[in-house]
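Reading through the structure tokens given below for one structure.
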Amino acid sequence: MTDQLEVAVVRWPDQSPSVEGGLAGLLTDYHLRTETEKGRAVADVHGLPERYRAEILAPRTAFVDDAVLLALSGDTVVGCLVVTAPADGRSEIKRLWTDPAFRGRGIASGLLSAALAHAAQSGVSGVRLSVWKWRTGAIALYERLGFVITESWDERDQLVCMERAV
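With our numbering applied, the sequence shown covers 879 to 1044.
As structure tokens, this is what we get:
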């Protein structure tokens, strides 16, 4: 089996069922896992807060002004990341997630590199993100890519805020 991976920056995922369903599946996994880690496990999408359900059920609407980046292995979506539209000279990185079966292959790094390139092309001076403090592997990855911990702009407990220049 070959593991040919391509990180594609797309404004909107194409209409193919595998890409659309793959993105929804990754967003579902991301949100369900996050709620479980926060101690609020839910059984399915219907138990998620409305704003998260909206991302899963209608990503084109939820991310209308944003760039959705997908990592593809053939026609299968194995990773995703959202770069928000520029605001005040910055963009934000959200929803970085790799299918657990494909972790350890540089997918998250590839998505982040593509996100930083996209942000630079958008003319922003910096990129920020937030990550739960228990996601130490993600924090280490962000630090390797030049992100530094900064003062929080979010009042949620246990959230680490990071930023870097583009």
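For each residue, glycine too, the CB sits at the ideal point set by N, CA and C.
Bridge partners of Gly-925 according to DSSP: none are assigned. Pro-978 counts as exposed, since fewer than 16 other C-beta atoms from the protein chains shown sit within 10 angstroms of its C-beta. As summarised for the region 955-1026, the continuous alpha helix (DSSP H) elements at least 4 residues long and confined to that stretch are 985-999, 1014-1022, given in chain order. The three-state reading of DSSP puts Arg-1034 in coil, since its state is none of H, G, I, E or B. Per the DSSP secondary-structure output, Ala-1043 pairs in a beta bridge with Gly-1004. Cβ neighbours of Thr-962 within its own chain (closer than 7 Å, five residues either side excluded): Asp-944, Ser-969, Glu-970, Lys-972.
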